[in-house]
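>
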Amino acid sequence: MSSITSLHTRKRVSQHVAFWIFRLTALAVVAVLVWILGFLFVNGASVISWEFLTSEPTNGMTEGGILPAIVGTLCLVAGSMLFAFPVGVLSGIYMNEYAKNGWIIRFIRMMTDNLGAIPSIVFGLFGMSLFVNALDFGDSIIAGSLTLGLLVLPIVIRTTEEALKTVDDTLRHASLALGASKFYTVCHVVLPVAMPNILTGLILAIGRVSGETAPILFTVAAYFLPKLPSSIFDQVMALPYHLYVLATSGTDLIASRRMAYGTALVLIVIVLILNICATLIRKHFTKHQAK
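Each residue of the sequence shown is one higher than the one before, starting from -13 at the first, in the numbering used here.
(1) Mind checking which residues open and close the alpha helix (DSSP H) that includes E148?
(2) How many angstroms separate the CA atom of S161 from the CA atom of K86?
(3) Checking 8 angstroms against the spacing of the C-beta atoms, do L132 and F69 come in under that value?
(4) Find the nearest neighbour of E196 within the set T(-5), V63, L76 and E42, judged by alpha-carbon distance.
(5) Counting C-beta neighbours from all protein chains within 10 Å, is the total for S77 16 or more, i.e. buried, or is it exposed?
(6) Grouping DSSP H, G and I as helix and E and B as strand, with all else coil, what is A31?
(7) Measure the beta-carbon distance from F38 to G248 and round it to whole angstroms, keeping in mind my assumption that it falls under 8 angstroms.
(8) When burial is assigned at 16 or more other CB atoms within 10 Å of the CB, is H228 buried or exposed?
(9) Could you check which residue in L225, G187, L251 and R244 has the C-alpha nearest to that of R268?
(10) Starting from the Cα of M245, find the closest Cα among L253, L232 and I256 and give me that residue.
(11) Would you tell me roughly how many angstroms separate the C-alpha atoms of P201 and G165, rounded to the nearest one?
(12) Does the Cβ-Cβ distance between L134 and E198 come in under 8 angstroms?
(13) What does a CB cutoff of less than 8 angstroms around R158 pick up in its chain, not counting 5 residues either side in sequence?
(14) Return the chain-ordered list of same chain residues with a C-beta closer than 7 angstroms to the C-beta of D125, the five sequence neighbours on each side being excluded.
(15) If we ignore side chains and look at the alpha-carbon of each, how far apart do T40 and K151 end up?
(16) Considering only their Cβ atoms, is the gap separating M67 from I192 smaller than 8 angstroms?
(17) So what does DSSP say about A191, is it helix, strand or coil?
(18) Give, in chain order, every unbroken run of the alpha helix (DSSP H) that is at least 4 residues long and sits entirely within the region 39 to 105.
(19) Go ahead and label R92 buried or exposed: buried means 16 or more other beta carbons lie within 10 angstroms of its beta carbon, across all protein chains shown.
(20) In chain order, what residues of the same chain lie with their CB nearer than 6 angstroms to the CB of T44, ignoring the 5 residues before and after it?
(21) Our contact map puts F109 next to L137 with C-beta atoms below 8 angstroms; I'd like the distance itself, whole angstroms only.
(22) Quick one: Cα of G88 to Cα of I94, how far?
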């Protein structure tokens, strides 16, 4: 009896130790995140002003604002999602709902996973070779958007496929048994249930695209372009590249560093706002599904 009690006590102690390790790990992650955000806020909040957000850069980007970089970043995020999200969702639907589970699908999944592991600078070189040179788009929004779209396409495909796998097969069987077509079942039964999880892929893709520097370096980003774009074939400034330039090539070190902190804070806030919007959309689909 004592041995059983001792074993039970050791298990409880081990369980408590494991739980505290998990708690401390989670708190450490949160602490690092808070420290980074706090560091950026303390150093960048003093730079933020209406003029900083709505005017163009001047004096070698050490004065003025970052409006062209903000607009350029939003254009690239929107353009890349317009390409990656439909293509990725349709690819995930095909792989999970229509394709037979054989060596071809396993090969496609393996290549998709490998594509997601390729360094972003390689995507930049590929985008420069294909979109900028071969298709003659030049350094433009469309070239940068397509390059970034290819970069996050594996994320959207895999999250879509995993989201569709979570849908109970009884829903599919019931719809087909009632005489609905495969296409109708996918569009009106499967997708509404899986949409909240599919939107998780959109959130991850937006976060990845917003902070990429290497791909846009070769396809769209301008060093100093104090004007707003007028078409998808224009070159633009972007916040990640703008931040890189300020941190590495500023002529006035103090002014450049202040601008860099302000730019970093704006970039973090934009990513946060985009993620919140996507999360609210996901919650809307979840509530609609519950009804």
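No residue lacks a Cβ here, since even glycine has one placed at the ideal position from N, Cα and C.
Walking through what the data contain:
(1) Within the sequence shown, residue 148 is the residue found at index 162, counting from 1. That run of the alpha helix (DSSP H) goes I127 to K151.
(2) As a working mapping, residue 161 is identified with position 175 in the sequence shown. As a working mapping, residue 86 is identified with position 100 in the sequence shown. Rounded to the nearest whole angstrom, the C-alpha separation of S161 and K86 is 20 angstroms.
(3) Position 146 of the sequence shown, counting from 1, holds the residue named residue 132. Position 83 of the sequence shown, counting from 1, holds the residue named residue 69. Yes, Cβ-Cβ distance for L132 and F69 is below 8 angstroms.
(4) Taking the sequence shown and counting its residues from 1, one reaches residue 196 at position 210. A small correction: the amino acid at residue 196 is Ser; Glu does not occupy that position in the sequence shown. Nearest option by C-alpha distance: V63.
(5) Start at 1 with the first residue of the sequence shown, and residue 77 comes out as number 91. Per the 10 Å Cβ criterion, buried.
(6) The residue given as residue 31 occupies position 45 in the sequence shown. A31: coil per DSSP, three-state reduction.
(7) For this step, residue 38 is matched to residue 52 along the sequence shown. For this step, residue 248 is matched to residue 262 along the sequence shown. With 8 angstroms as the limit, F38 and G248 qualify as a contact, their Cβ atoms being about 6 angstroms apart.
(8) Position 242 of the sequence shown, counting from 1, holds the residue named residue 228. The residue in question, H228, is buried, as its Cβ has 16 or more Cβ neighbours within 10 Å.
(9) One-based indexing of the sequence shown puts residue 268 at position 282. When only C-alpha atoms are compared, the closest one is G187.
(10) On the sequence shown, residue 245 is found 259 positions in, with the first residue counted as 1. It is L232 whose Cα lies nearest to the Cα of M245.
(11) The residue you call residue 201 lines up with position 215 of the sequence shown. The residue you call residue 165 lines up with position 179 of the sequence shown. Going by the C-alpha atoms only, they are around 48 angstroms apart.
(12) In the sequence shown, the residue the question calls residue 134 occupies position 148. In the sequence shown, the residue the question calls residue 198 occupies position 212. The answer is yes: Cβ separation under 8 angstroms.
(13) Reading the sequence shown from its first residue, position 172 is the one you call residue 158. Within the same chain, R158 has close Cβ partners T171, V175 and V176.
(14) For the purposes of this step, residue 125 is taken as residue 139 along the sequence shown, with counting starting at 1. Hits under 7 angstroms: V118, T205, V206 and Q221.
(15) By one-based count along the sequence shown, residue 40 stands at place 54. By one-based count along the sequence shown, residue 151 stands at place 165. Taking the Cα positions, T40 is about 45 angstroms away from K151.
(16) Translated into positions along the sequence shown, residue 192 becomes position 206. Translated into positions along the sequence shown, residue 67 becomes position 81. Yes, the Cβ-Cβ distance between I192 and M67 is below 8 angstroms.
(17) Numbered from 1 along the sequence shown, position 205 holds the residue referred to as residue 191. Helix.
(18) DSSP assignment within the region 39 to 105 yields the following whole alpha helix (DSSP H) runs of 4 residues or more, N-terminal first: 53 to 79 and 89 to 102.
(19) In the sequence shown, the residue the question calls residue 92 occupies position 106. Result: exposed.
(20) Residue 44 sits at position 58 when you count from the first residue of the sequence shown. Taken in chain order, the residues that qualify are G50.
(21) Within the sequence shown, the letter at position 123 stands for residue 109. Within the sequence shown, the letter at position 151 stands for residue 137. Correct: roughly 5 angstroms between the Cβ atoms.
(22) Reading the sequence shown from its first residue, position 102 is the one you call residue 88. Reading the sequence shown from its first residue, position 108 is the one you call residue 94. The straight-line gap from Cα to Cα measures roughly 10 angstroms.
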